[in-house]
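See structure below.
In the numbering used here, the protein residues as written are 228 to 291.
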């Protein structure tokens, strides 16, 4: 799955209320545990904690 597809899929996943996973967008960490299974180190809590990326953002992403 490509980075953009992964991001958009996680952006739509529901987050249960009342749970706190110490999500930190500065260090891009989350205690949820799903981040370690994602090839791009994304999790639904991190993706939903930041604003929706602009079209310019997606154009800047490239695979090394």
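Glycine residues also receive a C-beta, built at the ideal position from the N, C-alpha and C atoms.
Beta carbon of residue i nearer than 7 Å to that of residue j
i	j	result
residue 259	residue 248	yes
residue 252	residue 277	yes
residue 256	residue 272	no
Alpha carbon of residue i to alpha carbon of residue j, nearest angstrom
i	j	result
residue 270	residue 261	6 Å
residue 281	residue 288	12 Å
residue 291	residue 231	15 Å
residue 266	residue 284	19 Å
First and last residue of the uninterrupted alpha helix (DSSP H) at residue i
i	result
residue 233	230-239
residue 276	271-276
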